[in-house]
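Comments concern the structure below.
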Amino acid sequence: KESKQKGLLPTILDELLSARKRAKKDMKSATDPMKKAVMNGRQLALKISANSVYGFTGATVGQLPCIPISASVTAYGRKMIDDTKNEVETQYTVANGYPADAVVIYGDTDSVMVKFGVKDVKTAMDLGLEAAEKITKTLFKKPIALEFEKVYYPYLLMNKKRYAGLYWTSPDKWDKMDAKGIETVRRDVCGLVRTVMSVCLRKILIERSVENAIAYVKSTISSLLQNKVDISLLIITKSLSGKSEDYANKQPHVELAARMHERDPGSAPVVGDRVPYVMIMAAKGAPAYLKSEDPIYVLENNIPIDFTWYLHNQLAKPLDRLFASIIPNTNVLLNGDHTRSVYKATPSTSIGIMRFAVKTLKCVGCKAQLPKGVKTLCSRCEEHGEEIYLEKLSKAETLEDRFSKLWTQCQRCQGSLHQDVICTSRDCPIFYMRKKVQKDLKENEHVIDRFNDW
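For our numbering, add 55 to where a residue sits in the sequence shown, where the first one is 1.
Spelled out as structure tokens, the structure:
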């Protein structure tokens, strides 16, 4: 009992939580962005340290497990959330003189979210502060205390542990757009999903325009299916924690690592690395582990990417969760005129059975097959030859400008503007952008060279 002797774990927790409270206070008062970021990192580190005490007692394979302590923590946590919910919904009612009947809409671990039914942020904050103080006195004893933390307005609750909203700690202006458990903050999806979800949330929560969000989604899906999305946004990375036999089911990144080891053992990923991959076209019904491929290998060998896979396996579920409570039918996002035009890649002649195929020249303008002896333009495009030639020159100029900017960005990251870029970091999206532009430049140069015989 505390009245006889304070325990060791409560003493450790008191020190950690007091230190975190000081760090949060310093973070709130800091005006320098660097100091604010440092204080935020410190309070998060202290939070993890405090939480690890619970994990330390609950780990059956740990050094000093004590399951009754960890079980008690979760049991009391659930009870406190239930007690708080009942007290809030009993006290804050129209009958007791409040503007509306309060409703607890969500509770998780150590927090309770209450909808007070008021029309402005300041009133919600005042009621939140009042409720925290009143319920702490009514239900809890030290060191347990309810604290008012923030107001979310507007707030989008998708399901358990997945929500987003504008984060207010002052009634004057919102602090940031906050998202929990949504693909904007998850690493197991490609960059395109994170970008789409982030932009959609911004349009819905900040711009308050669902129509603009829907239009953006349709435009992005159309660009994806027409091969207008950069490969760097389609890369998925996963940690390699073992060999193929260590997994119950075959995983795309694990099987790819094995294939890369067969090609070049020196540069293949090893256990502990994060393996980047894209999903390529394969036979109908082929499992995902046969479709994964190294992005650089894909670029070098012109292997077609399976854009439909990205639509149905990466974008579909996150978009459905986001828009399900906003629009009556989420199918309009994934089906319609914007999905009818799909890019069909020309099979590469450098791998597989296509090595034995005879490649014929196509018209630079309309891509029609050219008759024997003609090397540049078909009869229909001949009269527009100058325009087509200038168009290709303009494209080359645009690509050169983009490559120059990416190259300079890599030089700056490397620390010198006077040396060649030697970085080959596969975790960096700029690396893949640079390689893609390099490849496009080379292809465009070959097209321009064909006009020498025109």
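Note that the Cβ used here is the ideal one computed from N, Cα and C, for glycine as well. Remember, it's a predicted structure, so these values are computed and weren't measured experimentally.
For G220, the enclosing beta strand (DSSP E) begins and ends at R217 to W223. Annotation: N357 to G117 spans about 50 Å, alpha carbon to alpha carbon. Membership of D233 in any alpha helix (DSSP H) is not indicated; the residue belongs instead to the beta strand (DSSP E) covering K231 to K235. Residues of the same chain with a CB within less than 8 Å of the CB of I443, apart from the 5 flanking positions on each side, are V419, G420, L432 and C436 in chain order. Within a 10 Å sphere around the beta-carbon of W229 sit 16 or more other beta-carbons, which makes this residue buried.
Apart from sequence neighbours up to five positions away, the residues of its chain that approach A85 with a beta-carbon distance below 7 Å are K91 and M94, ordered along the chain. Between the alpha carbons of Y208 and D175 lies a distance of about 9 Å. Within the same chain, Cβ atoms closer than 8 Å to the Cβ of T415 are found at Q424 and L425, the five residues on either side in sequence being excluded. Closest in C-alpha terms to N282, from the list Y398, T193 and F195, comes Y398. Here DSSP, grouped into helix, strand and coil, assigns I291 to strand.
In this model, A200 and T193 are separated by some 11 Å (Cα to Cα). In this structure, the alpha-carbon of D361 lies about 10 Å from that of L279. In the same chain as V158, and ignoring 5 residues on each side of it, the C-beta atoms closer than 6 Å to its own belong to K170, in chain order. Fewer than three pairs of CB atoms, one per stretch, sit closer than 8 Å, so the segment 223–237 makes no contact with the segment 341–352. It is roughly 12 Å from the alpha-carbon of K447 to the alpha-carbon of D495. From the listed residues R263, L99 and R481, the smallest Cα separation to K79 is found for L99. In the three-state reduction of the DSSP assignment, R457 falls in the helix class. R133 and P373 have their C-alpha atoms roughly 29 Å apart.
Distances from the CA of C245 to each of S104, I286 and A343 were compared; the closest alpha carbon is that of I286.
The C-beta distance from V206 to A179 rounds to 5 Å, short enough to meet the 8 Å contact threshold. For A338, the closest C-alpha among the options A323, R241, P359 and L354 is that of P359. The distance from the Cβ of V251 to that of L370 is about 7 Å, consistent with a contact at the 8 Å cut-off. For K177, the three-state secondary structure derived from DSSP is helix. The C-beta of A126 has fewer than 16 other C-beta atoms within 10 Å across all chains shown, which makes the residue exposed. Shown here for T139: same chain residues with a beta carbon closer than 8 Å to its own, the five before and five after excluded, namely V159, G162, V167, I190, L194 and L201 in chain order. Residue burial annotation: A268 is buried, with at least 16 other C-beta atoms found within 10 angstroms of its C-beta. Secondary structure at V93: helix, using DSSP grouped into helix, strand and coil.
Going by DSSP, G162 is part of the beta strand (DSSP E) stretching over V158 to D163. Remark: C-beta atoms of D243 and K293 approach each other more closely than 8 Å. Nearest neighbour of Q493 by Cα position, chosen from G152, Y302, K460 and G470, turns out to be K460. Taken in chain order, the whole beta strand (DSSP E) runs of length 3 or more contained in the segment 321–394 are 329–334. Each residue's CA atom was taken as its position, placing L295 and S434 some 54 Å apart. As a beta-bridge residue in DSSP terms, K417 pairs with Q424. Bounds of any beta strand (DSSP E) do not take in L72; it lies within the alpha helix (DSSP H) bounded by L63 to S84.
Per DSSP, the beta bridge partners of M168 are Y161.
If you keep only unbroken alpha helix (DSSP H) runs of at least 4 residues inside the segment 440–499, you get 440–469.
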